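Undergrad: Okay, here's the structure, questions in a sec.
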Amino acid sequence: MSPAANPIPPKPGLLTALKELPKNVWNSIFRNPLPSNDLEKSATSFTNFFLHIHPVKVHKHSLKPTYTLGLGLISFFLFVILILTGILLMFYYVPSTTQAYDRMLDLRGTVAFGMILRNMHRWSAHGMVAVVFLHLARVFFTGAYKKPREFNWVLGVVLFLLTLFMSFTGYLLPWDQLAFWAITVGTAIAGYAPVVGKDIQFLLMGGTSVGQEALLRFYVLHVAVLPAILTLGISIHFWRIRKDGGLSRPPEADATPALEFSAPAATMKVAGPESRKTYGLQGLVRGPITKAGQVPDNTVFSWPDLFRAELFTFVITLSAILILSLLFNAPLEEPVNILHPPNPAKAPWYFLGLQEMVSYSAFWGGIGIPTIFVVLLFITPYIDRAQTGVGKWFAKERLLANTIFLTFVLANIVFVIIGTFFRGPNWAFVMPW
Amino acid sequence: MAVNLKRSSGTGASTEQIQRRRMLGWLTGLGLFGSGILSAVSNFVFIKPRATYGQPQRFSIGKPDDFPPGTRATLGARSLCVVREGNKIAALSTTCTHLGCIVGVSDTGFACPCHGSRFDQDGTVTGGPAPRPLPWYKLTLAPNGELEVDKDIEITPGSYLSL
Ligand code: HEM
Ligand code: FES
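Those protein sequences? They're chains Z and H, same order as listed. Numbered according to my numbering, the first sequence spans residues 1 to 433. Numbered according to my numbering, the second sequence spans residues 1 to 163.
Following this line, the structure appears as structure tokens:
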């Protein structure tokens, strides 16, 4: 706008200022009106701090609930619930062997909302382990880890391991029988790792047995170190999704009259080193310089479609956790008795497969086989280089990879079931009926 | 596949200057990398406790008369089992050699509740995943007439202290 067209407005009086106060405050926070046209829709996405991590437009395929099942998003929301409830629990929790258990009883008995907060924290934690793993499985079965998403997959495996470590460290904090013996066994498994095992075990426990030092260490890891690393990791994970070109999708999803220049190599030449011409930032962006109106557009504005879907997922996730927390109380066993492990002493369900394997061989069950599985996960995108079968569930081309993955998963599930239902006192085989 | 832009040395620096610049770049990188490694290592040194706050490893368990012949008494807090046969006495660990649960005394010896390891009276493994027998600890009769256990010293299973 030229200055001429817009003369200095008259100084508004105090009364006007007061009258316009609510509107002005609102407008100073939200620069955009509720969007009614395309320009405003995109402006809304990038002038709002919380919305601007989203792309302005998303591919229609990415919005299909049957593709992602919303699992990544649910993992994230569970993480948010965990952080919020966790911070509240910290107001009452004391990481001391003489007080921790009493504080659990206080949460149950005297603290306002203590019970529901603890329940929410516990069920979200279980939920997050399950959902993060399901998300990993979804990414695997849809071949979404393939180029250019290799790194985000590797980062994802790290996030999965961190999630497990989070739940492992949190498990000790109530300082009840379950906690104490699960961690005694868990740290002892670490001790079987070759060369560094004993050192890791010593570092984790801060001594030779699970006691005050271990409790303090696990507390610090659980409330500070691991959440910080996880937050950083999730941020990079999200950033990479956009840098990797949004979510994976099958080639068909983009195929309507394919235009010549969609071959990136051809367009990249433009800014080659020999060229004397100078280019603006647009010229350096990969791909065609102007897409508008030239490529088939299979995208929709994030506002409102994506945001509506996200809000819906959030509400469903939170409701599910609330309902679970109202119906079921987080378990609390007897206070720690270092003389008598409960018999049988069982780990939480997601570690029961490990515990079952460990009952055959501590090294192979606790270290060997899990390490093989994790290493396989890490290198998968660098071994499986075929570009076919991306973006479809259980693509025929991926039969081999999917079968191998499924075998590991099913084996673990079988071990979890045996460990949960078929093991009685002294870990003897029993029939559950 | 990334776009290649020619790096221009805008000031028309001589080759010598460029080499020095490159050298300084390398040194800076090396310095940063070195400091990174150093601080990572110091962190590990820091979190590895120099002193532990647990129970002492060497302690007295009472007079021989507290354990009449035929005793097989577990001293829970010490995770020990004191065995006396006639005039021979010994102290076995009750910490399972598999993954550290406390074994219970059973009819045939010891049984572990965690993954089902079983041991005979001498602590030899008779079943389950435990890789090693239960350790026997050094037991001495101190001048004041008290029995003293040193959990830092393991002795050959079967070597009793004669009273
Ligand atoms: C803390 C745990 C995690 C969070 C919060 C998270 C979050 C997300 C979200 C919100 C998405 C968007 C699509 C969707 O919802 O499926 C996504 C995509 C993705 N995630 Fe995760 N994730 C986590 C762990 C993992 C794990 C364990 C893996 C695999 C090892 C992984 C690999 C990927 C990949 C490769 C994509 C891109 C998928 C595609 O392009 O189709 N993430 N993640
Ligand atoms: S700890 Fe005793 S059998 Fe595993």
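We treat Cβ as the ideally placed atom computed from N, Cα and C, and that holds for glycine. Note that the structure is predicted; figures quoted are calculated from it, not measured.
So, does the CB of ALA428(Z) fall closer than 8 Å to a CB anywhere in chain H?
TA: ALA428(Z) counts as touching chain H.
Undergrad: Since LEU69(Z) contacts ARG138(Z) with CB under 8 Å, what's their CB separation in whole angstroms?
TA: Correct: roughly 6 Å between the Cβ atoms.
Undergrad: Can you list, in chain order, the residues of its chain with a C-beta nearer than 7 Å to that of PHE405(Z)? Leave out the 5 residues immediately preceding and following it.
TA: Within the same chain, PHE405(Z) has close Cβ partners PHE140.
Undergrad: Which two residues bound the contiguous alpha helix (DSSP H) that contains LYS41(Z)?
TA: Start and end: 38-47.
Undergrad: Using DSSP with H/G/I as helix, E/B as strand and the rest coil, what is THR85(Z)?
TA: Residue state, collapsed to three classes: helix.
Undergrad: What separation, rounded to the nearest whole angstrom, lies between the Cα atoms of LEU399(Z) and ALA193(Z)?
TA: Answer to the nearest angstrom: the Cα atoms are 33 Å apart.
Undergrad: Below 8 Å on C-beta distance, what does ALA77(H) contact in chain Z?
TA: Going along chain Z in sequence order, the residues near ALA77(H) (Cβ under 8 Å) are ILE338 and LEU339.
Undergrad: Establish whether the CB of GLY197(Z) and some CB of chain H are separated by less than 8 Å.
TA: Cβ-Cβ to chain H under 8 Å: no for GLY197(Z).
Undergrad: Does SER162(H) come out as helix, strand or coil in the three-state DSSP assignment?
TA: Here SER162(H) sits in strand by DSSP.
Undergrad: Please confirm whether ALA13(H) has its beta-carbon closer than 8 Å to some beta-carbon of chain Z.
TA: It does not: the Cβ of ALA13(H) has no partner Cβ on chain Z nearer than 8 Å.
Undergrad: By DSSP, does GLU20(Z) sit in helix, in strand, or in coil?
TA: Correct three-state label for GLU20(Z): coil.
Undergrad: Count the C-beta pairs between the region 94-110 of chain H and the region 183-203 of chain Z that are closer than 8 Å, then say yes if the count reaches three, no if not.
TA: Output reads yes: the region 183-203 of chain Z touches the region 94-110 of chain H.
Undergrad: Does DSSP put ARG249(Z) in a helix, in a strand, or in coil?
TA: Three-state result, ARG249(Z): coil.
Undergrad: When you compare only the Cα positions, how much space is there between GLY86(H) and ASP152(H)?
TA: Cα to Cα, the separation comes out at about 26 Å.
Undergrad: For GLU252(Z), go through chain H and note every residue whose CB falls closer than 9 Å to its CB, in chain order.
TA: Here the premise fails: no neighbours, minimum Cβ distance about 25 Å.
Undergrad: What first and last residue would you give for the alpha helix (DSSP H) that runs through VAL336(Z)?
TA: Premise fails: VAL336(Z) is in no alpha helix (DSSP H) and is neither H nor E.
Undergrad: Find out if the Cβ-Cβ distance for the pair ALA395(Z), GLY72(Z) is shorter than 8 Å.
TA: Cβ atoms of ALA395(Z) and GLY72(Z): not closer than 8 Å.
Undergrad: To which residues of the same chain is ALA347(Z) closer than 6 Å at the C-beta, ignoring the five residues directly before and after it?
TA: Excluding residues within five positions, the ones whose Cβ falls inside 6 Å are ALA182 and GLN355.
Undergrad: Quick test of your reading: VAL149(H) and PHE59(H), contact by CB under 8 Å. State the CB separation rounded to the nearest angstrom.
TA: Their Cβ separation, rounded to whole angstroms, is 6 Å, which keeps VAL149(H) and PHE59(H) in contact under 8 Å.
Undergrad: Please classify VAL41(H) as buried or exposed, where buried requires at least 16 other C-beta atoms within 10 Å of its C-beta.
TA: So VAL41(H) counts as exposed.
Undergrad: Give a yes or no on contact between the region 299-309 of chain Z and the region 146-162 of chain Z, applying the rule of three or more CB pairs nearer than 8 Å.
TA: No, because fewer than three Cβ pairs between the region 299-309 of chain Z and the region 146-162 of chain Z fall closer than 8 Å, the two stretches do not touch.
Undergrad: Do you know offhand how far PRO135(H)'s Cα is from GLU154(H)'s?
TA: If I take the Cα positions, the gap works out to 6 Å.
Undergrad: Let's see if you can read the secondary structure: which residues bound the alpha helix (DSSP H) around THR126(H)?
TA: Unbroken run through THR126(H) is the beta strand (DSSP E), 125-127; no alpha helix (DSSP H).
Undergrad: With a threshold of 8 Å between beta carbons, is TRP181(Z) in contact with chain C?
TA: The chain inventory of the structure shown lacks chain C, comprising the protein chains Z and H.
Undergrad: In the DSSP assignment, find the unbroken alpha helix (DSSP H) run with SER124(Z) in it and report its ends.
TA: Counting along the chain, the alpha helix (DSSP H) containing SER124(Z) begins and ends at 114-141.
Undergrad: Please classify LEU173(Z): does DSSP put it in a helix, a strand, or coil?
TA: LEU173(Z): coil per DSSP, three-state reduction.
Undergrad: Determine the burial state of LEU21(Z): buried for a count of at least 16 other Cβ atoms within 10 Å of its Cβ, exposed for fewer.
TA: By the 10 Å Cβ count, LEU21(Z) comes out exposed.
Undergrad: In the DSSP assignment, find the alpha helix (DSSP H) that holds THR403(Z) and state where it starts and stops.
TA: Segment 399-421, the alpha helix (DSSP H) holding THR403(Z).
Undergrad: CB THR108(H) to CB PRO131(H), shorter than 8 Å?
TA: No, they are not a contact pair.
Undergrad: Look at the alpha carbon of VAL424(Z) and the alpha carbon of ASN343(Z), and state the distance between them as a whole number of angstroms.
TA: The question names Val, yet the displayed sequence has Gly at residue 424(Z). Spanning the two alpha carbons is a distance of roughly 8 Å.
Undergrad: What residue does the alpha helix (DSSP H) around GLY36(H) start on, and which one ends it?
TA: 15-47 is the span of the alpha helix (DSSP H), which, as asked, contains GLY36(H).
Undergrad: Buried or exposed: where does TYR219(Z) fall if 16 or more other Cβ atoms within 10 Å of its Cβ makes it buried?
TA: Buried.
Undergrad: Since GLN136(H) is in the beta strand (DSSP E), which residue starts that stretch and which ends it?
TA: Just to set this straight, residue 136(H) is Trp in the shown sequence, not Gln. It spans 136-141 - the beta strand (DSSP E) in which TRP136(H) sits, taken as one unbroken run.
Undergrad: Three or more C-beta pairs closer than 8 Å, one from the region 228-248 of chain Z and one from the region 49-61 of chain Z: is that the case here?
TA: Because the criterion of three Cβ pairs below 8 Å is met, the region 228-248 of chain Z and the region 49-61 of chain Z touch.
Undergrad: Can you grab the Cα-Cα spacing for the pair SER39(H) / THR52(H), in whole Å?
TA: Going by the C-alpha atoms only, they are around 23 Å apart.
Undergrad: So, do the region 314-324 of chain Z and the region 155-170 of chain Z have three or more beta carbon pairs nearer to each other than 8 Å?
TA: Counting Cβ pairs under 8 Å, fewer than three are found: no touch.
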